[in-house]
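Here's the structure we're looking at; comments come further down.
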Amino acid sequence: MPLDDTTRAAFAMSLLGALDERRPIAPLTEVTPDLTVDDAYAIQRLAIEQRCNRGARIIGMKIGLTSRAIQQALGVDEPDFGHLLSTMRVADGGTVDLSTLVAPRAEGEIAFVLGSDLPETDCTEADVLACTAFVMPTIEIIDSRIRDWKLTLADTVADNASSGLFVLGGRKVPVDGLDLRTLGMNVEVNGDLHATGAGAAAMGSPVTSVAWLAATLGRHGMRLRAGDIVLSGGLAAPNTPKPGDWMRVSMQHLGSVSVRFSGGEGN
Ligand code: MG
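Residue numbers (numbering that gives the first Met the number 0): 0 to 266.
Here is the structure:
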């Protein structure tokens, strides 16, 4: 049975409190074991509306749980999605103060920037390619307001798909002529190679991942529009940044994007 509006709103407020105070909360599904994924998306929407009321703007979407390993760990066979807000964006080469986050992790992925609206229904990979203005390498700094990342699908969905911050960088490259499945990625932390990956880690292809999102948003009465940024899913295991760390993600043909991590004042 779906949760009533009051309970959904209370969960949204408690996630917002955790975000503001950087104090994680118990999994929502521990408190309410029959919380459904539909409830969770409704909670996500309520929390996003509140953040927009405070001045943030929706500038795109992210796709999460795109790797087989993460889906298996959560016992699901589908990804999920969250909203990207203007307040989540960090400049290429910028610094992220880790004390503003709860339990951050960082990963490399491909961002799509749309040149035209995607179809609301029956969106294909060809539509995604035709509607993409360019792709860019991205660092996504994921975070969880759920204590110790002890989450189920519904918990992460309610928590905006464990979004934190993101950094776009490198070059704006049109998708024509790129094979995003085999496009390679190196992740360096403090100059040492941390991980390697390729586009296929995201649902077999980042293009498939974006087509999945368009179709899924259509079922929620939403649509991807020209100008939207879409993070298509991590391409390698995330790292856990420490104060003083420097991270660079380099992608074949796309250049690189980097970020520094500080621990608050004096770091
Ligand atoms: Mg990600």
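Cβ atoms here follow ideal geometry from the backbone N, Cα and C, with glycine treated the same way.
Residue i - DSSP class collapsed to helix/strand/coil
{"i": "THR137", "result": "strand"}
{"i": "THR99", "result": "helix"}
{"i": "ALA110", "result": "strand"}
{"i": "ASN189", "result": "coil"}
{"i": "GLY59", "result": "strand"}
{"i": "MET246", "result": "strand"}
{"i": "LEU14", "result": "helix"}
Sequence-distant residues of its chain with Cβ nearer than 8 Å to residue i (five each side left out)
{"i": "CYS51", "result": "ILE57, LEU84"}
{"i": "LEU97", "result": "PRO103, PRO240, LYS241, PRO242, PHE260, SER261, GLY262, GLY263"}
{"i": "SER257", "result": "ASP91, GLY92, ILE138, VAL166, GLY168, TRP245, MET246, ARG247, VAL248"}
Residues near residue i in its chain [Cβ-Cβ closer than 6 Å; skip 5 each side]
{"i": "LEU2", "result": "ASP38"}
{"i": "LEU34", "result": "LEU27, THR28, ALA153"}
{"i": "VAL229", "result": "GLY59, MET60, PHE111, VAL209"}
{"i": "GLY233", "result": "GLU106, GLU108"}
One or two residues paired with residue i in a DSSP bridge
{"i": "LYS241", "result": "Answer is none; LYS241 lacks a bridge partner."}
{"i": "LEU64", "result": "BP columns for LEU64 are empty, so no partner."}
Buried versus exposed call for residue i [16 or more other C-beta atoms within 10 Å across all chains shown]
{"i": "ARG224", "result": "exposed"}
{"i": "GLY220", "result": "exposed"}
{"i": "GLN71", "result": "exposed"}
{"i": "ARG53", "result": "exposed"}
{"i": "ASP4", "result": "exposed"}
{"i": "VAL174", "result": "buried"}
First and last residue of the uninterrupted beta strand (DSSP E) at residue i
{"i": "ASP79", "result": "79-84"}
{"i": "LEU253", "result": "Neither: LEU253 is in no beta strand (DSSP E) and is coded neither H nor E."}
{"i": "VAL166", "result": "164-167"}
First and last residue of the uninterrupted alpha helix (DSSP H) at residue i
{"i": "VAL30", "result": "27-30"}
Beta-carbon contacts of residue i that lie in its chain and below 7 Å, excluding the five residues immediately before and after
{"i": "GLY114", "result": "CYS130, THR131, ALA132, ALA225"}
{"i": "ALA235", "result": "GLU106, GLY107, MET184, VAL186, ALA194, THR195, GLY196, ALA200"}
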